[in-house]
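In what follows, a structure is listed as structure tokens, so that the remarks can point back to it.
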Amino acid sequence: MKILLIEDMPHVAERIRNSLKNLGLAESAFADNAKKAREALQTSAFDMVICEVSLKGISCLEMSHLARSKNKHCCVIIITSLENSDIAEKAVKEGAFDFIIRPAQMDKLDNLIKLYLAVKK
115 MKILLIEDMP HVAERIRNSL KNLGLAESAF ADNAKKAREA LQTSAFDMVI CEVSLKGISC
175 LEMSHLARSK NKHCCVIIIT SLENSDIAEK AVKEGAFDFI IRPAQMDKLD NLIKLYLAVK
235 K
């Protein structure tokens, strides 16, 4: 499974990597800024994209649209803070799989990934 991790906060990226590792997965690509995120999304198709709600220069809406333009079945999971949950909700309405609010719901990430893997089978 090809997984793109887009996160600019190192401690959050590490927490996500640990979640993936515990599930026997690892990211295929990583981006910590808008340029790298856009480049990865425009050049490769991913099965899953786990992304920050916004990086300077790109929003989760654009990331979700780019990911789903390469693979319409791509699972996009958005990580947000409580203040940015409205845009994450909009992204879900437009096709993202779901969103989690950090730090309180980081444990939900494992369950979302498991749910996606079960549905994908």
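Residue numbers (my numbering): 115 to 235. The beta carbon of each residue, even a glycine, is placed where N, CA and C say it ideally should be.
Query	Result
If you drop the 5 nearest sequence neighbours on each side, which residues of the same chain put their C-beta closer than 8 angstroms to that of residue 201?	167, 168, 173, 174, 175 and 194
Among the candidates 220, 177 and 134, whose CA atom is the shortest distance from the CA of residue 188?	177
How would you call residue 153, buried or exposed, if buried means at least 16 neighbouring beta carbons within 10 angstroms?	exposed
What does residue 159 pair with, by DSSP beta-bridge criteria?	Answer is none; residue 159 lacks a bridge partner.
Let me know the secondary structure DSSP gives residue 199 once reduced to three states.	helix
How many Å lie between residue 185 and residue 208 at the Cα?	15 angstroms
Hey, out of 235, 122 and 117, whose CA is closest to residue 171's CA?	122
According to DSSP, residue 166 sits in a beta bridge with which residue or residues?	193
So for residue 183, helix, strand or coil by DSSP?	helix
Excluding five sequence neighbours on each side, which residues of the same chain lie with their C-beta closer than 6 angstroms to the C-beta of residue 144?	119
Between 231, 165 and 232, which has its C-alpha nearest residue 220's C-alpha?	165
From which residue to which residue does the alpha helix (DSSP H) around residue 232 run?	220 to 234
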